[in-house]
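Working notes for the structure below.
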Amino acid sequence: MIERADDRTPDSGHPVTEETSPLTARDAARLLGVNERTVRRAIARGELRATKHAGVFRIERHDLSRYRPRKEPVPHRPKGRRQQLRLLPTAPALAPFNVPEPRSSLIGREHETRSIRDMVLSAETPLVTLIGPGGVGKTRLALEIAGQARDAFIDGIWFVDLSPIRDPELVPGAIAGVLGIREAAGVPVTDRLRGYLERRRTLILLDNFEQVVSAGPDIATLLSFCPGLTMLVTSRVPLHLADEHRFPVPPLAVPDTTHVPSFAKVQLSAAVQLFCRKAHAVRPDFELTEANAQAVSEVCVRLDGLPLAIELAAARVNILAPEALLARLEHRLSILTGGSRDVPARLRSMRDAIGWSYDLLDETEQRLFRRLAVFAGGFTEEAASIVAGQERSGSMLDRLASLVEKGLFFTRDTPGDEPRFAMLETIREFGVEQLAGSKEAHDTRATHAAWCLDLALNASPYWFTSEQKRLSDQLEREHDNLRAAFEWLANADDRQAVVRLAGSIWPFWFVRCHWAEGTAWLQWALAWSDGDRTIERSNESACSAGRAACG
Ligand SMILES: Nc1ncnc2c1ncn2[C@@H]1O[C@H](COP(=O)(O)OP(=O)(O)OP(=O)(O)O)[C@@H](O)[C@H]1O
Ligand SMILES: [Mg+2]
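Its first residue numbered 31, the sequence shown is counted upward by one per residue in this note's numbering.
See the structure below:
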């Protein structure tokens, strides 16, 4: 009973690499996102190889993949018309679009949005990387561009969150998983992806690429075979690929505080606007006034215009007026900046801002925050209670809501399910560091792994029954947590637990076609259990069965 409901692999049943039929000029134009005339002109100029049969151009796909159109002058359109065009209902509204809805409207960034959108829409820049430190607003910009570019990518726009992935080899599988392309025995997942994307005009957003940069060449290869594909990547570091077009994301504009800025100028600053919006959310009567404008401006300047840092500071306006906030913030910044001059200033500001928010939590909340950082892919209230709910004071939901209000967590609505909580990556990293430096690290990680093992064991009796869909959906939502548990158990050399987990979870890998990843873990588990007398034979046999199924 393999689930293939949302499988987008071509229906032929053949490996997708077998598609070899030549393209017409119109097909080629569609793939490249250019006018058909541009393609015909390129053929006439000898820039693109083509043959003609019965008056129709035939273009081989490998020729098309080598060709990059010249930059054609962009026809000038009056601004108003452009905006109107975006409002018109268009067919691509039906195209796949899994990009998360931004939680609030974009502030400022007019210039950045225009430049990045132009790059993403141009066939000359198929790989655009938004680079900048954590919390500067890379993901927020990428979401904005995706929303604005919907009409141009007629075959869809996909968002792939790479933040929980640590192994670069898993990147193609992660992309394929999001696109609904299943693995097939004997066909590398990169070939399946290529087969699907080769003839399509698609935009893929790869979010948080910094931890898997060595997967860059896979991305380059995919782009070289798929002329209609554009990748928009967010990363804290460059990918160092030949065709990469880097866009360093600057912080938000801050007021010039070297002399007292006019109230009107302060109001115009994007950083101040962001501060006020967040402050208003936690304290509805908060207003920017002539009296507090200087303090608010100083806060934004001290935080280098970094949106995440500003949001965190503003979230405390319900207990600290801007002047008090500035004083407390300056105090912490001066303590911290002294010792760490080698850390780039913006990185330091960000860490200080998170550290500052953390310092303001009471001890119970601090403990909860760092324990919950073990969750790699978000968590439900119930999971939080099991893994980090040792405290007895107050309900878990109230405590989670309080951390959401303070800007440290956010909620993700999953239709039909209970809400999930998650942390932005920069904040989670800070939490993981705090946990590592505490005495609770080992116990918390072990409890998290035990919770994952329970999920797997509880599902065991129901595989290949009518419950399978519900269970595999649940495990899919917890997939990043399962990966984190595996990694921790493997690093802790807990062989019994690895073999037990692999032996009970393999039907999930099998029915969801995560075959390559499953096989890798199962082989590891089997290599470990070989000759180890402490391993239960039934678990070892389950791993063997799993390897036979997935391998
Ligand atoms: N221009 C903006 N308008 C409104 N909110 C913004 C803007 N830029 C960033 N934010 C908010 O600031 C926070 C941090 O932004 P974001 O998550 O995009 O940072 P990032 O650069 O992707 O960080 P990381 O490297 O950790 O992934 C988010 O809550 C985001 O919604
Ligand atoms: Mg991001």
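Ideal Cβ placement from N, Cα and C applies to all residues, glycine included.
Bear in mind the structure is a predicted one, so any value in this text is a computation, not a measurement.
Item	Value
PHE277 versus SER571 - alpha carbon distance	51 Å
Best match in GLY576, VAL326 and SER425 for proximity to LEU552 [C-alpha to C-alpha]	GLY576
Closer than 7 Å: LYS436 CB and nearest ligand 1 heavy atom	no
Heavy atom of ligand 2 within 7 Å of THR159 beta-carbon	no
Contact belief for VAL312 with ALA272 at Cβ below 8 Å, rounded distance in angstroms	Their Cβ separation, rounded to whole angstroms, is 47 Å, which puts VAL312 and ALA272 out of contact at 8 Å.
Span separating the alpha-carbon of PRO281 from that of ALA301	8 Å
Selection from ASP197, GLY210 and ALA204 that minimises the alpha carbon distance to GLY186	GLY210
Three-state secondary structure (DSSP) of LEU338	helix
Residues near GLU240 by beta carbon distance below 8 Å, same chain, minus five either side	SER265, ARG266 and VAL267
Among TRP188, LEU160 and ALA80, the one whose alpha carbon lies nearest that of ALA125	TRP188
Own chain residues within Cβ distance below 7 Å of GLU506, not counting five before or after	ARG542
Contacts around TRP539, its chain only, beta-carbon distance under 6 Å, and the 5 residues preceding and following it disregarded	GLY548 and CYS580
Residue span of the beta strand (DSSP E) that contains ASP428, given as start and end	From DSSP, ASP428 is part of no beta strand (DSSP E) but of the alpha helix (DSSP H) over 426-435.
Buried versus exposed call for PHE494 [16 or more other C-beta atoms within 10 Å across all chains shown]	exposed
Assigned secondary structure, ASP181 (DSSP; H/G/I helix, E/B strand, else coil)	helix
Alpha-carbon to alpha-carbon, GLN498 and ALA413	21 Å
Every unbroken beta strand (DSSP E) within the stretch 247-321, with a cutoff of 3 residues, ordered by chain	259-265 and 274-278
For ALA452, the first and last residue of its enclosing beta strand (DSSP E)	450-452
For HIS83, the three-state DSSP class (helix, strand or coil)	strand
heavy atom of ligand 4 below 7 Å from GLU455 C-beta	Although ligand 4 was asked about, the structure shown includes only ligand 1 and ligand 2 as ligands.
Spatially closest choice to LEU253 from GLY561, ARG229 and VAL190, by CA coordinates	ARG229
Per-residue DSSP class, three states only, for ARG88	strand
Cβ pair HIS81, VAL150 closer than 8 Å	Checking the sequence shown, residue 81 turns out to be Thr, not His. Taking 8 Å as the Cβ cut-off, THR81 and VAL150 do not qualify as a contacting pair.
Three-state secondary structure assigned by DSSP to ASP503	helix
Own chain, CB closer than 7 Å to PRO291, minus 5 neighbours either side, in chain order	PRO285 and SER327
Span of the beta strand (DSSP E), counted from its first residue to its last, around VAL326	No beta strand (DSSP E) holds VAL326; the alpha helix (DSSP H) holding it covers 323-332.
Alpha-carbon spacing of PRO122 relative to ASN348, whole angstroms	Only weak support is given to the placement of PRO122: the predicted model assigns it a pLDDT of 45, under 50, and the question is left unresolved by the model.
Exposed unless 16 or more other CB atoms sit within 10 angstroms - verdict on GLY207	buried
Residue closest to GLU199, alpha-carbon to alpha-carbon, out of GLY246, GLU154 and ALA527	GLY246
Residue interval of the beta strand (DSSP E) (run including TRP188)	187-191
Nonlocal neighbours in the same chain, by C-beta distance under 7 Å from ALA455, ignoring five residues either side	Reading off the sequence shown, one finds Glu at residue 455, where the question assumed Ala. Answer for GLU455: GLY164, SER193 and ASN238, listed in chain order.
Cα-Cα separation between LEU160 and VAL279, rounded to whole angstroms	6 Å
Top-ranked residue by Cα proximity to VAL586, from MET426, GLY167, GLY76 and LEU483	Limits of the chain in this structure are 31 at one end and 581 at the other, which puts residue 586 out of reach.
ILE137 (DSSP reduced to helix, strand or coil)	coil
The stretch 463-473 in contact with the stretch 391-404 per 3-pair CB rule at 8 Å	yes
Nearest-angstrom Cβ-Cβ length linking THR441 and ARG450, presumed shorter than 8 Å	7 Å
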